[in-house]
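Asker: This is the structure, below, for whatever I ask next.
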Amino acid sequence: MATIGRGVREIRIRDEAGAYRVMYIATFTEAVYVLHAFQKKTQRTAKRDGDLAASRLRDLARRAR
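Counting with the working numbering, you get residues 547 to 611 for the letters of the sequence shown.
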């Protein structure tokens with residue numbers, strides 16, 4: 547997920563109730579951080595979902611310095 551940030555990955559889940567996404571980063575030694583998890587309503591990922599994950603990644607990177 548280079549559009550969110552370097553090292554960010556995505557888990558895609560689909561079942562009879564719908565489609566779900568979990569955006570996470572596992573490049574920090576102390577933990578795997580879930581940046582955002584949500585149910586997909588359309589084929590495309592909403593800009594607000596990507597923006598929220600990117601914002602949380604920036605906050606995490608700031609605290610890691």
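C-beta atoms are modelled at their ideal positions from N, C-alpha and C, and glycine is treated no differently.
No experiment lies behind these values; they were computed from the predicted model shown.
If you drop the 5 nearest sequence neighbours on each side, which residues of the same chain put their C-beta closer than 6 Å to that of Tyr566?
Answerer: The residue you call residue 566 lines up with position 20 of the sequence shown. Counting only Cβ-Cβ distances below 6 Å, and skipping sequence neighbours, we find Ile559, Gln585.
Asker: Anyone know if the C-beta pair for Gly553 and Ala572 falls short of 9 Å?
Answerer: Your numbering for residue 553 matches position 7 in the sequence shown. Your numbering for residue 572 matches position 26 in the sequence shown. Their beta carbons are under 9 Å apart, which means Gly553 touches Ala572 by this criterion.
Asker: Leaving aside the five residues before and after Val578 along the sequence, list all residues of the same chain whose C-beta is less than 7 Å from its C-beta, in chain order.
Answerer: Position 32 of the sequence shown, counted from the first residue, corresponds to residue 578. Closer than 7 Å at the Cβ level, and outside the excluded window around Val578, lie Tyr570, Ala572.
Asker: Looking only at its own chain, which residues have a Cβ that is under 6 Å from the Cβ of Ile557, when we skip the five neighbours before and after it?
Answerer: Here residue 557 refers to the residue found at position 11 when the sequence shown is read from its first residue. Here the set comprises Val568.
Asker: Please list the terminal residues of the continuous beta strand (DSSP E) segment that includes Lys593.
Answerer: Looking up residue 593 in the sequence shown gives position 47. Here Lys593 belongs to no beta strand (DSSP E); instead the alpha helix (DSSP H) covers 593–610.
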